[in-house]
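Reading through the structure tokens given below for one structure.
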Amino acid sequence: ELPQASEVKLLCCNQCLTGDPCIRERIISAPKPFLSIKNKITEDIFNWWKRLQGEKRNFTYYNEAVDTVFKVIPPFPDFAEPSPDRCKICAVVGNSANLKGSRYGPLIDFHNIVIRINRGRTKGYEADVGTKTTYHIIDFLWLMKKFKSRVGLHTAAHLYIYPEFMKYVHEAWLGNKGYYPSTGFLSFALSLFLCDEVSVFGFGADSDGNWSHYFERLGNKKLKTGAHPGGYEYDVMVQLDKKKKIRFFKGW
Ligand code: C5P
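As numbered in the working numbering, the sequence shown has no gaps in its residue numbers, which increase by one up to the final residue, 446.
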């Protein structure tokens, strides 16, 4: 059954992106976004996901990692779906160096929900990135690498993206461009499930095309955007901003 138009207000309903299926249809067809003990994946999806970073470990290892991690991390509570009556406004904050000197801090904190990503931090950068963090999205591939050493397992407020959701975003939002979506773009896609209005901060490569971070000096000058279709992800969000579906803040 199709949801009422009002349930997907942010998406301004019934408007389609040029050459793409309707956003609404994309949302309906999406798998559950969060990884959890209950949200097990099939071996097929695992194999798709495994090839992304040349992951050598097998399905059994993956399942063990999930079980172990979720012994420590509480399962994500059911979240309220977008509703115009509540009008939750969210800020998705990427880690781009374009935040440096932006003075976006108060604007970011003004949002009801602030989503940060991977190593994104606030201490020492409050004026530019704000102080509030509601959700912190982590790349489970990264976590799995650290799994044996138990690094990162104390991070109870963190969320992990379900691999099948990653595959869905790669197909439905990025037309399978690049190797797989960045955690930032996944977080953006996720925000459309949680929020009525979305503002995006901290996305965009530097003038050399590298994904430099606001919190560190770039060591590897040939970083680019790695396996991710960074430029394409950026364009998708800029286009949505032009259509007034989201607000995209480009930084300085
Ligand atoms: O690099 P990292 O994964 O920590 O950054 C979080 C997200 O922010 C990335 O996944 C990417 O989507 C976005 N980002 C960006 N431009 C940068 C740095 C990060 O768009 N210069």
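We treat Cβ as the ideally placed atom computed from N, Cα and C, and that holds for glycine.
- Query: Is F442 helix, strand or coil by DSSP?
  - Reply: Counted from its first residue, the sequence shown places residue 442 at position 248. In the three-state reduction of the DSSP assignment, F442 falls in the strand class.
- Task: Let me know if T316 comes out buried or exposed under the rule of 16 or more other beta-carbons within 10 Å of its beta-carbon.
- Result: Against the sequence shown, residue 316 aligns to sequence position 122. Under this definition T316 is a buried residue.
- Is W405 near the ligand C5P, judged by its Cβ being under 8 Å from some heavy atom? Along the sequence shown, read from residue 1 onward, the residue named residue 405 stands at position 211. For W405, the CB falls within less than 8 Å of some heavy atom of the ligand C5P.
- Query: Taking 8 Å as the cut-off, is the CB of I311 close to at least one heavy atom of the ligand C5P?
  - Reply: Position 117 of the sequence shown, counting from 1, holds the residue named residue 311. A distance criterion of 8 Å places the beta-carbon of I311 in contact range of the ligand C5P, judged by its closest non-hydrogen atom.
- Task: State yes or no: is the C-beta of E358 nearer than 8 Å to some heavy atom of the ligand C5P?
- Result: Here the question's residue 358 lines up with position 164 in the sequence shown. Outside the cutoff, so no.
- Flag G314 as yes when its Cβ comes closer than 8 Å to any non-hydrogen atom of the ligand C5P, and as no otherwise. Numbered from 1 along the sequence shown, position 120 holds the residue referred to as residue 314. At least one heavy atom of the ligand C5P is nearer than 8 Å to the Cβ of G314, so yes.
- Pick from V432, D400, F379 and K439 that is closest to V286, judged by C-alpha positions: As a first step, residue 286 must be located in the sequence shown, where it is residue number 92. Nearest in C-alpha terms to V286, of all of V432, D400, F379 and K439, is F379.
- Message: I'd like to know whether the C-beta atoms of F264 and F359 end up nearer to each other than 9 Å.
- Response: The residue labelled residue 264 in the question sits at position 70 within the sequence shown. The residue labelled residue 359 in the question sits at position 165 within the sequence shown. With contacts defined as CB atoms closer than 9 Å, F264 and F359 fail to qualify as a contacting pair.
- Query: Between G403 and G424, what straight-line distance do the alpha-carbon atoms span, to the nearest angstrom?
  - Reply: Taking the sequence shown and counting its residues from 1, the one referred to as residue 403 is at position 209. Taking the sequence shown and counting its residues from 1, the one referred to as residue 424 is at position 230. C-alpha separation (whole angstroms): 9 Å.
- Tell me the start and end of each unbroken beta strand (DSSP E) in the region 371-416 that is at least 3 residues and wholly inside, in chain order. The region 371-416 contains these whole beta strand (DSSP E) runs: 391-395.
- Please state if the CB of I311 and the CB of C389 are separated by a distance shorter than 9 Å. Here residue 389 refers to the residue found at position 195 when the sequence shown is read from its first residue. Here residue 311 refers to the residue found at position 117 when the sequence shown is read from its first residue. The answer is no: Cβ separation not under 9 Å.
- Task: Could you check the C-alpha separation between G396 and N306 for me, to the nearest Å?
- Result: Here residue 396 is taken as the residue at index 202 of the sequence shown, counted from 1. Here residue 306 is taken as the residue at index 112 of the sequence shown, counted from 1. If you take the alpha carbons of G396 and N306, they lie about 18 Å apart.
- In chain order, what residues of the same chain lie with their CB nearer than 6 Å to the CB of T262, ignoring the 5 residues before and after it? In the sequence shown, counting from the first residue as 1, residue 262 sits at position 68. Closer than 6 Å at the Cβ level, and outside the excluded window around T262, lies no residue.
- Item | Rounded separation between N233 and F409 - CA only | Reading the sequence shown from its first residue, position 39 is the one you call residue 233. Reading the sequence shown from its first residue, position 215 is the one you call residue 409. C-alpha separation (whole angstroms): 34 Å.
- Query: Do A366 and S290 have their C-beta atoms within less than 9 Å of each other?
  - Reply: Residue mapping note: residue 366 aligns to position 172 of the sequence shown, counting from 1. Residue mapping note: residue 290 aligns to position 96 of the sequence shown, counting from 1. Going by C-beta atoms, A366 is not nearer than 9 Å to S290.
- Query: Whole-angstrom Cβ separation of L246 and Y374, contact assumed at under 8 Å?
  - Reply: Position 52 of the sequence shown, counted from the start, is the residue given in the question as residue 246. Position 180 of the sequence shown, counted from the start, is the residue given in the question as residue 374. Distance from L246 to Y374 at the Cβ level is roughly 5 Å; contact confirmed, criterion being Cβ atoms closer than 8 Å.
- Message: So, at 8 Å on beta carbons, what are the nonlocal neighbours of L417 in its own chain, with the 5 sequence-adjacent residues on each side left out?
- Response: Along the sequence shown, one-based indexing puts residue 417 at 223. Around L417: N404, W405 and S406.
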